[in-house]
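Numbering (the working numbering), first residue to last: 182 to 750.
We put the beta carbon where it would ideally sit given N, CA and C, even for glycine.
Just so you know, these numbers come straight off a predicted model, no measurement behind them.
These notes concern the structure reproduced below.
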RNA sequence: CGGGGCGUAGCGCAGCCUGGUAGCGCAUCUGCUUUGGGAGCAGAGGGUCGCUGGUUCAAAUCCAGUCGCCCCGACCA
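Encoded structure:
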């Protein structure tokens, strides 16, 4: 392909709208352009990458026994009413009406449509298991789209849905998908980590996310290198240490004056006591009224765990005014003693004695507060956020905490959709049962962006050959030199005969401009044809990450290129 | 939705405070020179200053409203 024949507008300067490196580079390399917030056009170069990701995904899904279908993007409200999500999904679901005032939505995901499709057709256990997938645009009216295609409102996703007769079979399918996902992200050349995850909006029994390791990731994950435990910190289990002061005698509760001590650090240094002995009391508003939650002073509370423990839809830290209303004291001095709120205690504080807690009164704390003695505890639960170096819940080894980009998410759904929508089949005994479902998503555009996020340098993108838009950047320096162009044409053919995709820079630009664009586009191998070298029958070959080019015989260049690409795949 | 910021040429920005001819760099076009890491010189084209209303002799500039975009917090592929 000649560069003069591909719509490839590269940018020298970074558009002000871009924040993260992948977004900047995708704009600069002419891969995408923004149309509206969270809505993007994919240009030829970007689309080539997207198609490569899709191809890998297709091959692996097909190999895993899934079959491709194509479901509608515009979906009738009735289906969503059946599953109950018309009410539950919220404003992220873009709703619209047709000319006859009938309600529809743009599909943010396709459980409803697929379940509806299957329920009419699957009647017998003999039809199972079945796994269908599609690759298609989704629309989610995100509160805050950002980072280019990484978190767009309209985005391409591969979504697969499985149907099994029972749990063991469904779990086998889940496992097969898990393995297929690992192969997909490996083939995309990504450094990734599968983690245990929450089920969120989609629901279901359990799930895993596939995280591409990158500092700009929006998720935080905890990984144990010894036993392999890995989880999103949203739900990573913590392993309690020995309770603070657990072997002491209970001392008498005592109110002390602690002027100007709003934070745990201030309290602990004022009282000359370890922050571990200070217990934070946090006041939350929930749909079921205010609640108090306690964690050790040097810990952070995990709101996800709290909402799970309370079994509520949300829990937000209460506003200062509300705190005063609930506890009688100002923010920063809340404590469990004598308050009229149910107290939830982090498991790490279970058995702790003689803690420092707020006194619900400005500039005062209690010392020697012991749960169960000086205040009542409604429930003990794992409520704290796992941090760097915390012990693995399985094997106690210190865990790593890193940032990740969620590129894939798989769920074992169980029967929630099939029951709600009446997707039933007859088992061997002739008994009617709901289908056991799973669903499996991959953000293809996000995967492409994540690959850039993980592989770039100060000059531009560094593609792995598997998903690179082209394999070889073929660059005749002087396009007005007939010999150079003849050599370039010939070499292009030879490279293509070897199955390589070639982008020939046939622009009448100065060499510097071409070199800069070559680096920006990040194509794995660059071959430069200069008139001087050509007279000796030589061309220059350089891998994108290599420091210096090497000279090669023109006749051998295609074979060398093939070797290089194979070696770096 | 709450908090912060920005809308001036295709891109990056200045001008606004203190109202008076709309500017700079890159890109584009023409010519000459140059020709292996984003060339030099000379010239040219391109703007309803986001939009609406107000104040004023006069508004990019002041005021009000509105729309859009970006960043930080509650979501998720």
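{"Check": "Per DSSP, cross-strand counterpart(s) of residue 267", "Outcome": "Residue 267 is not bridged to any residue."}
{"Check": "Three-pair Cβ contact test at 8 Å for the region 205-215 versus the region 699-713", "Outcome": "yes"}
{"Check": "Chain-order list of residues whose beta-carbon lies under 7 Å from that of residue 198 (same chain, five-residue window excluded)", "Outcome": "215"}
{"Check": "Coil, strand or helix - residue 307 by DSSP", "Outcome": "helix"}
{"Check": "Own chain residues within Cβ distance below 6 Å of residue 621, not counting five before or after", "Outcome": "341, 358 and 591"}
{"Check": "Whole-angstrom C-beta distance between residue 297 and residue 618, which should lie under 8 Å", "Outcome": "Not a contact, Cβ separation roughly 13 Å."}
{"Check": "Beta strand (DSSP E) segment containing residue 583, residue limits", "Outcome": "581-595"}
{"Check": "Alpha carbon of residue 308 to alpha carbon of residue 654, nearest angstrom", "Outcome": "49 Å"}
{"Check": "Among 535, 363 and 336, the one whose alpha carbon lies nearest that of residue 553", "Outcome": "535"}
{"Check": "Residue 712 to residue 662 span [Cα, whole Å]", "Outcome": "8 Å"}
{"Check": "Reduced DSSP secondary structure (H/G/I, E/B, other) of residue 450", "Outcome": "helix"}
{"Check": "Cβ-Cβ distance between residue 623 and residue 392 below 9 Å", "Outcome": "no"}
{"Check": "Delimiting residues of the alpha helix (DSSP H) encompassing residue 392", "Outcome": "Unbroken run through residue 392 is the beta strand (DSSP E), 387-394; no alpha helix (DSSP H)."}
{"Check": "Spatial neighbours of residue 505 in its chain, beta-carbon cut-off 7 Å, leaving aside the 5 residues before and after", "Outcome": "511"}
{"Check": "Cβ contact check for the region 540-559 and the region 511-523: 3 or more pairs under 8 Å", "Outcome": "yes"}
{"Check": "Exposure of residue 388, with buried meaning 16 or more beta-carbon neighbours within 10 Å", "Outcome": "buried"}
{"Check": "CA-to-CA distance, residue 380 to residue 524, given in whole angstroms", "Outcome": "26 Å"}
{"Check": "Rounded straight-line distance, which links the Cα of residue 285 to that of residue 424", "Outcome": "55 Å"}
{"Check": "Sufficient close CB pairs (3 or more, under 8 Å) joining the region 558-572 to the region 479-490", "Outcome": "yes"}
{"Check": "Distance between beta carbons of residue 522 and residue 471, contact taken as under 8 Å", "Outcome": "5 Å"}
{"Check": "Local conformation of residue 492 per DSSP, three classes", "Outcome": "coil"}
{"Check": "Exposure label - residue 444; buried when at least 16 CB within 10 Å", "Outcome": "exposed"}
{"Check": "Proximal residues to residue 438 (C-beta, below 8 Å), its chain only, five neighbours per side dropped", "Outcome": "544 and 545"}
{"Check": "Residue ranges of each beta strand (DSSP E) within the region 408-438, 3 or longer", "Outcome": "411-413 and 435-438"}
{"Check": "Every unbroken alpha helix (DSSP H) within the region 494-565, with a cutoff of 4 residues, ordered by chain", "Outcome": "501-508"}
{"Check": "Rounded C-alpha distance that separates residue 454 from residue 378", "Outcome": "37 Å"}
{"Check": "Beta strand (DSSP E) runs wholly inside the region 602-650, at least 3 long, in chain order", "Outcome": "605-607, 613-615 and 617-624"}
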